Structure formats: C-alpha cells, structure tokens
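**Q** Residue numbering for the sequence shown follows the working numbering, starting at 2 and increasing by one per position.
C-beta atoms are modelled at their ideal positions from N, C-alpha and C, and glycine is treated no differently.
Every value quoted in this text rests on a predicted model; they were computed, and no experiment measured them.
Structure provided below as structure tokens; questions to follow.
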Amino acid sequence: MDMTKREILRRYLLFVICLFFMGIGVALTKHGELGVSPISSVANVVSIKFTFLSFGTWLTISNCVLLLGQILLLRKNFKLIQLLQIPLSFLFGYFTDLGLWIAGIIPNDTYVVQLLLVLSGIVVLGFGITLGVIANVILNSGEAFVKAVADVTKKDFGNTKIVFDVSWVLLSILLSLIFFDGRLYGTREGTVISALLVGVTVKFFCKVLKKPLDKMLKK
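Now the structure itself:
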C-alpha cells in the first residue's frame with residue numbers, strides 16, 4: 002500500500018530526529034576521547050590534525066565523499082532522491098557539533114568518565130540509528146555506500162558492512178600514523194567497543210520501538 006503524504010512527512014521528520022540523536026551520540030563518544038564509531042573514525046582523525054574545520058564539518062565532508070562513491074559505483078542506477086543525503090549530512094554535522102558543545106560541560110579527565118561517555122554515546126547513537134531504520138525513507142551516506150558496493154559486487158550487505166567498517170578503521174589508523182609521526186590518535190578502544198555494541202543497541206531498540214512507532218507513523 003502506498004504511503005500517504007502525511008505518512009511520508011512524518012517519516013522524514015522522524016529521520017531528522019534520528020540525525021539529532023545520532024549526532025549527540027557521536028559527540029558523546031568523541032568527548033570520551035577513546036575513539037569514535039568506525040564510520041566516524043576517519044573524520045575524527047582528520048579533525049584532530051586539521052582543526053580549521055570542526056569535527057561535524059569533517060563528518061559532512063566524509064559523508065559527501067561516500068555519496069560521490071555511490072554515484073561512481075551505481076552510475077545510471079543511482080537514484081536522484083539519494084541526493085537528499087547532502088542536506089541531511091550537513092544537518093548531521095551540525096547536530097554533532099551541537100552535541101560536542103553540550104558535552105563540553107562534562108569533565109572527561111578520568112578514564113572511568115571517558116568510558117561512561119563512550120557507553121552513553123553508543124546507547125544514544127543506537128537509539129538514533131533505530132529511528133532512522135524505522136523511518137525507512139533514506140539511508141545515511143555510510144550505509145548507502147555499503148549498499149551500493151553490495152549491489153554492484155552482488156555480495157551480502159552484512160558481510161560488506163563488516164569489511165567496510167574494518168577498512169575505514171584501518172584507513173583512520175594509517176592516516177593517524179602519517180599525520181602524527183607514527184603515533185595513534187583518534188582510534189582507540191572506544192572504536193572497538195562501538196563496533197561491538199552499536200548493533201546490539203539497535204537490535205534492542207528496534208524490538209522495543211518498531212511496532213509502536215510504525216503504528217504512530219501510519220495514523
């Protein structure tokens with residue numbers, strides 16, 4: 002059954018809310034200074050080296066690069082609706098910088114607090130991703146790029162996602178070693194914890210929220 006205009010509007014509004022919580026989640030993890038989620042790891046390292054742009058801005062640039070990758074991979078099969086990733090990426094970057102400004106009031110000078118910031122960021126990020134999954138209108142740039150690769154190579158999305166995450170983290174490590182004379186910055190145990198736990202939190206929130214939110218969206 003086709004969606005009504007009202008339902009489509011509600012779903013896009015839910016996706017914007019999803020970006021807000023994702024941005025706050027990434028910001029909390031970033032403020033923990035133990036590394037961020039794999040998809041944000043490259044932008045994190047670059048933002049530490051090149052501070053003339055904010056972390057949120059580098060995230061936006063990273064997402065736009067991944068969008069360009071989708072266009073190159075899919076070519077005539079690329080759907081123009083996916084260009085909405087551009088304004089949504091800017092919104093995500095803005096929310097991330099807003100989250101960093103808010104999180105800045107939290108002292109992060111002990112390892113326990115840093116770890117708690119990472120864990121709380123994972124929960125908030127997982128909640129945000131869940132809202133995006135339920136909204137079901139457009140993929141974020143990272144997931145859309147993975148889907149493009151999976152479609153072109155005819156590989157399983159889940160396996161492609163794992164390969165992408167590992168490759169993105171390895172790239173962030175390589176950039177750190179190049180930028181900081183062989184030292185590792187921006188990619189630490191928090192990145193590994195995020196990789197292991199974000200999916201778990203999404204699965205939990207989907208189980209709890211999918212039915213009631215689906216019902217609300219279709220009213």
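Between the alpha carbons of Thr154 and Leu67, how many angstroms are there, rounded?
**A** Taking the first residue of the sequence shown as 1, we reach residue 154 at position 153. Taking the first residue of the sequence shown as 1, we reach residue 67 at position 66. In a straight line, the C-alpha of Thr154 is about 17 Å away from that of Leu67.
**Q** Could you say which of Cys207, Asn64, Leu120, Gln83 lies nearest to Leu1 if we only look at CA atoms?
**A** As displayed, the chain neither begins before 2 nor continues past 220, which places residue 1 out of reach and without an answer.
**Q** Applying the 10 Å Cβ sphere with the 16-neighbour rule, what's the burial state of Lys77?
**A** As a first step, residue 77 must be located in the sequence shown, where it is residue number 76. Exposed, since its Cβ has fewer than 16 Cβ neighbours within 10 Å.
**Q** Measuring alpha carbon to alpha carbon, tell me which of Leu210, Ile135, Val199, Phe181 ends up nearest Ile163.
**A** Your numbering for residue 163 matches position 162 in the sequence shown. Minimum Cα distance to Ile163 is reached at Val199.
**Q** Examine the Cβ distances between the stretch 106-116 and the stretch 181-189 and report whether three or more of them are shorter than 8 Å.
**A** Counting Cβ pairs under 8 Å, fewer than three are found: no touch.
**Q** Would you say Arg7 lies against chain B (beta-carbon separation less than 7 Å)?
**A** This model lacks chain B altogether, as it is built from one protein chain only.
**Q** Could you name the residues of the same chain whose beta carbon sits closer than 7 Å to that of Val124, not counting the 5 residues immediately before and after it, in chain order?
**A** One-based indexing of the sequence shown puts residue 124 at position 123. Result list for Val124: Thr202, in chain order.
**Q** Would DSSP call Asp110 helix, strand or coil?
**A** Position 109 of the sequence shown, counting from 1, holds the residue named residue 110. Three-state result, Asp110: coil.
**Q** On the CB-based measure, 16 or more other CB atoms within 10 Å of its CB, does Phe165 come out buried or exposed?
**A** Walking along the sequence shown from the start, residue 165 turns up at place 164. Counting Cβ neighbours within 10 Å, Phe165 comes out buried, since at least 16 surround it.
**Q** Tell me the DSSP secondary structure of Phe53 in three-state form.
**A** Along the sequence shown, one-based indexing puts residue 53 at 52. Of the three classes helix, strand and coil, the one that applies to Phe53 here is coil, per DSSP.
**Q** May I ask which residues mark the beginning and end of the alpha helix (DSSP H) holding Lys212?
**A** Here residue 212 is taken as the residue at index 211 of the sequence shown, counted from 1. Residues 190-218.
**Q** Which term fits Val27, buried or exposed, when burial requires 16 or more other beta carbons within 10 angstroms of its beta carbon?
**A** Locating residue 27 in the sequence shown gives position 26, where the first residue counts as 1. The residue in question, Val27, is buried, as its Cβ has 16 or more Cβ neighbours within 10 Å.
**Q** Quick one, are the C-beta atoms of Val193 and Ser42 less than 7 Å apart?
**A** Mapped onto the sequence shown, residue 193 falls at position 192. Mapped onto the sequence shown, residue 42 falls at position 41. Not closer than 7 Å, so no.
**Q** Do Phe206 and Phe91 have their C-beta atoms within less than 7 Å of each other?
**A** Position 205 of the sequence shown holds residue 206. Position 90 of the sequence shown holds residue 91. No, they are not a contact pair.
**Q** Who are the near neighbours of Thr131 in its chain, counting only those whose CB is closer than 7 Å to its CB and skipping five residues on each side?
**A** Taking the first residue of the sequence shown as position 1, residue 131 is located at position 130. Only Val203, Phe206, Cys207, Leu210 meet the Cβ criterion.
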